[in-house]
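Visitor: One structure is given below, represented as structure tokens, and several questions about it will come after.
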Ligand SMILES: Nc1ncnc2c1ncn2[C@@H]1O[C@H](COP(=O)(O)OP(=O)(O)O)[C@@H](O)[C@H]1O
Ligand SMILES: [Mg+2]
């Protein structure tokens, strides 16, 4: 990702904003309406100085009749123009703000739904804080662009061009002088703006760094406090924030310099030309009204240039944001459903059959170490297989491959005889229930947490699986029963309770293949007995692979697979393996206290 980032950054232009078009396209009608309002408002603004001149020269001036009717007429006309300006400006504001909000919302949803479908590999290299900052900070920059800058930019381009034309109509000589001076002024401003853009991007990155850090630490507060690292963590975040501050200040300084430069140069040029104009009036080559008109048009043109410089800065920031968002959107998950997925054979009453053939796999981040090496395994439908082995043997990795979080580099995995790469990803995962080692509890109530297994399940179905998973009793005893809020990440439950919720969730799916990553470390004897009972209930009528740490589970299995260094080193029943006196025998002697 980072390489793509830097490559793009070198292009460094507003052309990057072209990537936004697909989000703008659906709203052609609204853009057209906003454009009409914008044109009307700009025309009204440009009419004001002219009306003003008419008022001075014809209403008061020596050349005019100076009659009351004329004065009344021109004041009414001026007010009429103001009315048009008011309505058109409000309409433009409404349309453009609507577009800004709508498009930002669309982009946020599109980025999020893209990110949540990424494979775990993506999340190994991308920090969630980074994604969050894309979703918030970067979309906010785009919001500013669509909701304000585009309309400001268009309006000021119109005012600039219109004002300029009117200046020339008023006085060709003075206008020519002003144009030459403006040309000399704009070039340095544009060049300097480039630098501001680069600094702005760096500043965004530093903010993302800080929020990534905070995100990680906030998820680990108990550990942080147990190791009394609060002050260190606060200091670490402080350093990160200071870093972001320093980078932001660099940008602010550059931007301040840009502002000084722009205003001084632009207004310097205008004041000089006005000075010439004042002399022209004194010498009788111009009327007072014409000079007044010229002053107002100069103010409009100067204001437009100032606003355009500002818009340019915002647009550059938005270009950076767009670039980062599109980059995020362009990451394709390496795990995809095939274009023409094969169907799974109809489900049998005993569960699914599973087979691995010569599967070799290494994690993308560890290309030199095979986590599974030429692993072959045949699991008939309905069997219960216990997988044991020391920590790091590759047991959890096997489950990750079955769920197709990763694809093996070699070999095939079949479910009911179909290569899992030929199956629709959702069909595959719907056929598998998993109780992971680290159970995830969402910040919701008990009912909804279990229902996560199958969103359309009725309350009665949820309660039925909770009973099977030995979770019903403790949930009933919670202050509000199934409606009790379980706290963020389930902080209000014990480890054993969390695990039984996870078992109930997996059972609700009623999958033909069940994967259990048994965890005993968090459990006391009573919870362990309850979880054990729940697991046994869960295994009925389906194929089960259980990463087992308990002798009780292992002894009940139809077959035991012993893994070490990504290979199956022994396989058989408890009795036969103990008799072999190998790795299993020594693990059994330790009562499987290894994970
Ligand atoms: N996401 C990952 N990226 C790189 N290596 C990993 C990853 N997850 C696990 N590993 C490595 O793969 C090997 C097998 O891990 P794992 O399957 O978790 O073992 P266990 O048998 O304890 O469940 C270990 O050497 C581990 O360090
Ligand atoms: Mg593991």
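In my numbering, the protein residues as written are 61 to 655. Using N, Cα and C, we set each Cβ at its ideal position, and we do this for glycine too. These numbers come from a predicted model, not from an experiment.
1) With DSSP run on the structure shown, which of helix, strand or coil describes residue 124?
2) So what does DSSP say about residue 269, is it helix, strand or coil?
3) How close, in whole Å, do the beta carbons of residue 614 and residue 576 come, if the pair is a contact with beta carbons under 8 Å?
4) For residue 124 and residue 361, I'd like the C-alpha separation in whole angstroms.
5) Counting only the same chain and skipping the five closest in sequence on each side, list residues whose C-beta sits under 8 Å from that of residue 314.
6) Ligand 2 and residue 499: does any heavy atom of the ligand fall closer than 8 Å to the residue's C-beta?
7) Measuring only from the beta carbon, is residue 457 closer than 8 Å to any heavy atom that is part of ligand 1?
8) Below 6 Å CB to CB, which residues in the same chain sit around residue 499 once its five sequence neighbours on both sides are set aside?
9) Starting from residue 372, follow the beta strand (DSSP E) in both directions and report where the run begins and ends.
10) What are the boundary residues of the alpha helix (DSSP H) that includes residue 413?
11) Measure from the alpha carbon of residue 118 to the alpha carbon of each residue in 347, 389, 597 and 617, then state which is nearest.
12) Of all Cβ atoms in chain D, is any one closer than 9 Å to the Cβ of residue 259?
13) Please report the distance separating the alpha-carbon of residue 308 from that of residue 371.
14) Could you say if the region 408 to 422 and the region 463 to 480 meet the contact criterion of at least three C-beta pairs nearer than 8 Å?
15) State yes or no: is the C-beta of residue 423 nearer than 8 Å to some heavy atom of ligand 1?
16) Pull up the distance between the alpha-carbon of residue 646 and that of residue 634, whole angstroms please.
17) Am I right that residue 108 and residue 141 are in contact with their C-beta atoms under 8 Å? What's the rounded C-beta distance?
18) Assuming residue 41 contacts residue 503 under a Cβ cut-off of 8 Å, what Cβ separation, rounded to an integer in Å, is found between them?
19) Under 8 Å by Cβ, that's how I've got residue 624 and residue 643 pegged, so tell me the actual separation to the nearest angstrom.
20) Comparing the CB of residue 667 with every heavy atom of ligand 2, is any distance shorter than 8 Å?
21) Counting C-beta neighbours from all protein chains within 10 Å, is the total for residue 405 16 or more, i.e. buried, or is it exposed?
22) Quickly, what does DSSP pair residue 470 with across the bridge? List them, please.
23) Less than 8 Å between the CB atoms is what I'm expecting for residue 481 and residue 463, so what's the real figure, rounded?
24) Which of the three DSSP states is assigned to residue 279 in this structure?
25) Does the region 202 to 211 come close enough to the region 161 to 173 that 3 or more CB-CB pairs lie under 8 Å?
26) Would you mind stating whether residue 545 and residue 537 have Cβ atoms separated by less than 9 Å?
Guide: Inspection of the coordinates gives the following:
1) Along the chain shown, read from residue 1 onward, the residue named residue 124 stands at position 64. Because residue 124 sits at a pLDDT of 48, beneath the cut-off of 50, its placement in the model cannot be relied upon, and the point is left open.
2) Mapped onto the chain shown, residue 269 falls at position 209. Here residue 269 sits in helix by DSSP.
3) In the chain shown, counting from the first residue as 1, residue 614 sits at position 554. In the chain shown, counting from the first residue as 1, residue 576 sits at position 516. Not quite, the Cβ-Cβ distance comes to about 12 Å (not below 8 Å), so this is no contact.
4) Within the chain shown, the letter at position 64 stands for residue 124. Within the chain shown, the letter at position 301 stands for residue 361. Residue placement at residue 124 is poorly supported in this model, since its pLDDT is 48, which falls under 50; the coordinates still yield a value, given next. If I take the Cα positions, the gap works out to 29 Å.
5) Here residue 314 refers to the residue found at position 254 of the chain shown. Excluding residues within five positions, the ones whose Cβ falls inside 8 Å are 252, 255, 256 and 259.
6) Position 439 of the chain shown holds residue 499. Result no, Cβ not under 8 Å from ligand 2.
7) Indexing the chain shown from 1 puts residue 457 at position 397. Residue 457 Cβ: within cutoff of ligand 1.
8) Position 439 of the chain shown holds residue 499. So the qualifying residues of the chain are 558, 559 and 562.
9) Looking up residue 372 in the chain shown gives position 312. First-last for residue 372: 348 to 390, but that is the alpha helix (DSSP H), not the beta strand (DSSP E).
10) Numbered from its first residue, the chain shown carries residue 413 at position 353. Taken as a continuous stretch (DSSP letters only), residue 413 belongs to no alpha helix (DSSP H), as it is neither H nor E.
11) Along the chain shown, one-based indexing puts residue 118 at 58. Per the Cα distances, 347.
12) Although the question refers to chain D, the structure presented lacks it and comprises just one protein chain.
13) Sequence index remark: in the chain shown, residue 308 carries index 248 (1-based). Sequence index remark: in the chain shown, residue 371 carries index 311 (1-based). Looking at the two C-alpha atoms, the distance is approximately 19 Å.
14) yes
15) Within the chain shown, the letter at position 363 stands for residue 423. Yes; taking the cut-off as 8 Å, the Cβ of residue 423 has a heavy atom of ligand 1 nearer than that.
16) The sequence position of residue 646 within the chain shown is 586, counting from 1. The sequence position of residue 634 within the chain shown is 574, counting from 1. Distance between the alpha carbons of residue 646 and residue 634 is about 12 Å.
17) As a first step, residue 108 is located in the chain shown; it is residue number 48 there, counting from the start. As a first step, residue 141 is located in the chain shown; it is residue number 81 there, counting from the start. About 6 Å separates the two Cβ atoms, so the contact holds.
18) Missing from the structure shown is residue 41; the chain here goes from 61 to 655 and no further.
19) For this step, residue 624 is matched to residue 564 along the chain shown. For this step, residue 643 is matched to residue 583 along the chain shown. That belief holds up - the Cβ atoms of residue 624 and residue 643 are roughly 6 Å apart, short of 8 Å.
20) With the chain covering only 61 through 655, there is no way to say anything about residue 667.
21) As a first step, residue 405 is located in the chain shown; it is residue number 345 there, counting from the start. Residue 405 is exposed by the Cβ-count criterion.
22) Taking the first residue of the chain shown as 1, we reach residue 470 at position 410. DSSP lists 420 as partners of residue 470.
23) The residue labelled residue 481 in the question sits at position 421 within the chain shown. The residue labelled residue 463 in the question sits at position 403 within the chain shown. About 13 Å separates the two Cβ atoms, so there is no contact after all.
24) Residue 279 sits at position 219 when you count from the first residue of the chain shown. Residue 279: coil per DSSP, three-state reduction.
25) yes
26) Here residue 545 corresponds to residue number 485 of the chain shown, with the count starting at 1. Here residue 537 corresponds to residue number 477 of the chain shown, with the count starting at 1. The answer is no: Cβ separation not under 9 Å.
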